[in-house]
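> Input: one structure, supplied below.
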Amino acid sequence: MTPGAVALQAGLRRGWIEFRHTVTNPGQLVGWLFWPAIALVVMYFMRDSTVPGTDFSLGTQAVAGILGINTLFTGLVGLAFTLITDREDGTLLRAKATPNGMLGYVTGKVLAQAGITVAVLIILLVPVVLLFDGLSIGTVSSWVTLVWVLALGMLAILPVGAILGSLFRSTQGLVPIMVLIMALVGVSGVFYPLAALPEWLQWLAQVFPVYWLGLGLRAALLPDAMAVAEIGESWRYLEMIGVLGIWGIVGFLVAPGVLRRMARRESGSAVAARRESVARRAA
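All letters in the sequence shown, in the order written, are residues 592 to 874 by the numbering used here.
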């Protein structure tokens with residue numbers, strides 16, 4: 592077996608161990624579920640409001656988008672956060688010191704975060720199905736759409752998370768990114784149909800994967816008749832595949848170089864300096 596294959600195998604084991612540790616740790620699991628659960632409660636109390644031009648519940652329509660946004664946060668921000676944290680505590684430096692250690696490390700991190708993202712989505716689907724009427728989840732086509740949209744969405748956002756985790760030296764640096772994501776959420780058709788917003792906001796939202804991931808989950812979970820509330824009165828699968836695919840391709844082209852650059856800069860003195868900085872912030 593080649594050294595690269597051994598590293599990939601180690602990454603698979605690492606990813607499974609980290610995934611299992613997270614989903615069996617009540618504290619960490621609650622941390623991932625808390626904010627989306629709050630959002631779902633808010634949408635439940637909005638269930639009597641309707642999407643403009645239809646008699647469909649606005650709360651139910653927004654639920655699919657909320658699941659998409661949570662997928663984005665768990666996958667993208669979660670991976671970026673864990674990479675930065677591992678740089679601060681020296682975990683990444685130890686991986687760098689092992690032959691092909693970075694390959695195994697990155698493989699494990701990406702797989703663990705992807706698994707956590709899927710697990711959180713599945714857990715949230717349970718109360719969604721019980722509390723919200725009108726969802727279209729009783730057909731094979733709905734589940735097939737959910738699977739491929741989620742897979743494509745993960746391919747689009749995980750490389751971006753790896754890039755952000757490589758560029759920022761502290762978790763505080765992610766604050767502007769989270770603010771930007773929240774701004775995009777506001778104009779991405781999650782809480783209100785994008786077609787009802789000004790045209791320039793529609794174009795802006797369609798550049799980023801936030802909108803397309805939410806649209807894909809709405810296509811999977813809502814009745815086909817609800818496409819009337821979307822731009823072009825369609826789920827626009829081809830455009831969805833195109834935009835998410837472009838983000839994924841660009842991400843996979845850029846991420847390896849950024850990760851290698853980050854690894855080259857890791858040293859014992861750099862880790863010590865970051866630890867001292869963290870200690871000063873905590874004091």
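Backbone N, C-alpha and C fix where the C-beta goes; we use that ideal spot for every residue, glycine too. Keep in mind it's a predicted model, so treat the numbers as computed, not measured.
Is DSSP giving SER648 helix, strand or coil here?
strand
> Thinking ARG807 and VAL751 are a contact (beta carbons under 8 Å), I'd like their distance in whole angstroms, please.
It is worth fixing the name first, because residue 807 is Gly in this sequence and not Arg. With a Cβ gap of about 17 Å, GLY807 and VAL751 do not count as contacting.
> Name the two residues that bound the continuous alpha helix (DSSP H) containing SER733.
731–758
> In the DSSP assignment, what residue or residues form a beta bridge with THR641?
Beta-bridge analysis with DSSP links THR641 to SER648.
> Taking TRP838 as the reference, which of ALA854, GLN797, LEU850, GLY764 has the closest Cα?
Distance check between TRP838 and each of ALA854, GLN797, LEU850, GLY764 places GLN797 closest, using alpha-carbon atoms only.
> In three-state DSSP terms, what is ILE879?
Nothing about residue 879 can be read from this structure; the chain reaches only from 592 to 874.
> Span of the alpha helix (DSSP H) holding ALA811?
Run containing ALA811: 800–812, per the alpha helix (DSSP H) assignment.
> Under 7 Å between the Cβ atoms of ALA671 and SER733?
no
> Any contact of the segment 722–732 with the segment 628–640, i.e. 3+ C-beta pairs under 8 Å?
yes
> Classify GLN600 as buried or exposed, calling it buried when 16 or more other Cβ atoms lie within 10 Å of its own Cβ.
By the neighbour-count rule (16 or more Cβ atoms within 10 Å), GLN600 is not buried but exposed.
> Mark ARG605 as exposed unless 16 or more other C-beta atoms lie within 10 angstroms of its C-beta, in which case mark it buried.
buried
> Compute the beta-carbon to beta-carbon distance between ALA818 and SER825, rounded to the nearest angstrom, for a pair I have assumed lies under 8 Å.
5 Å
> Could you check if ALA596 is buried or exposed, using at least 16 other CB atoms within 10 Å of its CB as the buried criterion?
Exposed, since its Cβ has fewer than 16 Cβ neighbours within 10 Å.
> Contact between the segment 659–671 and the segment 785–799 is defined here as three or more beta-carbon pairs at a separation below 8 Å; is this criterion met?
no
> In its own chain, which residues sit with a C-beta less than 6 Å from the C-beta of ARG638, not counting the 5 before and 5 after it?
SER648, GLY650
> Could you pull the start and end residues of the alpha helix (DSSP H) that GLN704 belongs to?
692–722
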